[in-house]
Amino acid sequence: MNIFRLTGDLSHLAAIIILLLKIWKTRSCAGISGKSQLLFALVFTTRYLDLFTSFISLYNTSMKLIYVACSYATVYLIYMKFKATYDGNHDTFRVEFLVVPVGGLSFLVNHDFSPLEILWTFSIYLESVAILPQLFMISKTGEAETITTHYLFFLGLYRALYLINWIWRYYFEGFFDLIAVVAGVVQTILYCDFFYLYVTKVLKGKKLSLPA
Amino acid sequence: GQSVEGKDEL
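If you read the protein sequences in the order shown, they are chains A and B. Under the working numbering, residue 212 is the last one in the first sequence; the count climbs by one each step, no gaps. Under the working numbering, residue 10 is the last one in the second sequence; the count climbs by one each step, no gaps.
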């Protein structure tokens, strides 16, 4: 465990909590893509099946359980409790265009052709693109609430910190996972445009709105 | 690649 990995995990946790609190406090999930949140719930479910097969550490187990629980709670708030506030008309990204190719790729390119490993690979690939419905929704409406941009910032920062963690681990531990690294690079690149807007607009106190 | 048992990252 190095500092980049730890801050990456905490950044991920911050993102998840920010989103939950935003929905809970405002009693509304306006501007949030339920589809992205469904995909993240699927990502955590397929990745953390090793909770049943192996124990790494108390930290590892607790974080996995927290991520899974929070992602299901978020989905519940969007599709059940605050369904009336869900902006389904703008959440029109076709998720099958992500899930089907990602599913096929995880069968073709993986470390080991076993059920758990294929599901882990699927979750890694899917996570890298799971934010697309949310970004698509923002590009459609042309704006995002500031709290939503904080959520996206921490979510993007998390994988960027993991990239540094992987460089660190490569040099100091000889650890290298090509699948995670390539997917992590793709994932981080998808946030670049958003990072630019976040720094140039949101951090200067302006609302994130896109030119018409 | 690493085995399923070795997945210490989140």
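All C-beta atoms in this analysis are idealised placements derived from N, C-alpha and C, irrespective of residue type, glycine included.
With a contact defined as Cβ atoms closer than 8 Å, Y158 of chain A and A15 of chain A qualify at about 7 Å. For the beta strand (DSSP E) assignment, the region 131-173 of chain A encloses no uninterrupted run of at least 3 residues. The DSSP-derived three-state label of S209 of chain A is strand. With contact defined as three or more Cβ pairs closer than 8 Å, the region 63-70 of chain A and the region 97-112 of chain A are not in contact. Relative to the Cα of V182 of chain A, the nearest Cα in the group A:Y196, A:G31, A:Y125 belongs to A:Y125.
Within 10 angstroms of the beta-carbon of M137 of chain A lie 16 or more other beta-carbons, which makes it buried. DSSP places E9 of chain B outside any alpha helix (DSSP H), giving it a letter other than H or E.
Close to K64 of chain A, with beta-carbon spacing below 9 Å, are these residues of chain B in chain order: L10. Considering only beta carbons, no part of the region 154-172 of chain A lies closer than 7 Å to chain B. Straight through space, the alpha carbons of T53 of chain A and F172 of chain A are spaced by roughly 28 Å. Within the same chain, and ignoring the five residues on either side of H150 of chain A in sequence, the residues whose Cβ sits closer than 7 Å to its Cβ are I18. For H12 of chain A, the enclosing alpha helix (DSSP H) begins and ends at 3-26. Cβ-Cβ separation between L20 of chain A and C70 of chain A: approximately 6 Å, consistent with a contact (criterion under 8 Å). Per DSSP, K204 of chain A lies in no alpha helix (DSSP H) segment and is marked neither H nor E.
Shown here for L77 of chain A: same chain residues with a beta carbon closer than 6 Å to its own, the five before and five after excluded, namely I23 in chain order.
Taking 8 Å as the Cβ-Cβ cut-off, the region 82-104 of chain A has no residue approaching chain B. Under the Cβ distance rule, D193 of chain A does not count among the residues neighbouring chain B, no pair being separated by less than 7 Å.
Here the C-alpha atom of I56 of chain A lies approximately 28 Å from the C-alpha atom of S36 of chain A. Sequence-distant partners of I147 of chain A (beyond 5 residues in either direction) whose C-beta falls short of 6 Å from its own C-beta, in its chain, are K22. With a threshold of 7 Å between beta carbons, I56 of chain A makes contact with chain B.
Here N165 of chain A is near F4 of chain A, since their CB atoms are less than 7 Å apart. Here Y48 of chain A has K64, V68 as same chain residues with Cβ atoms under 7 Å from its own Cβ, once five neighbours each way along the sequence are excluded.
Counting along the chain, the unbroken alpha helix (DSSP H) around F107 of chain A starts and ends at 96-108.
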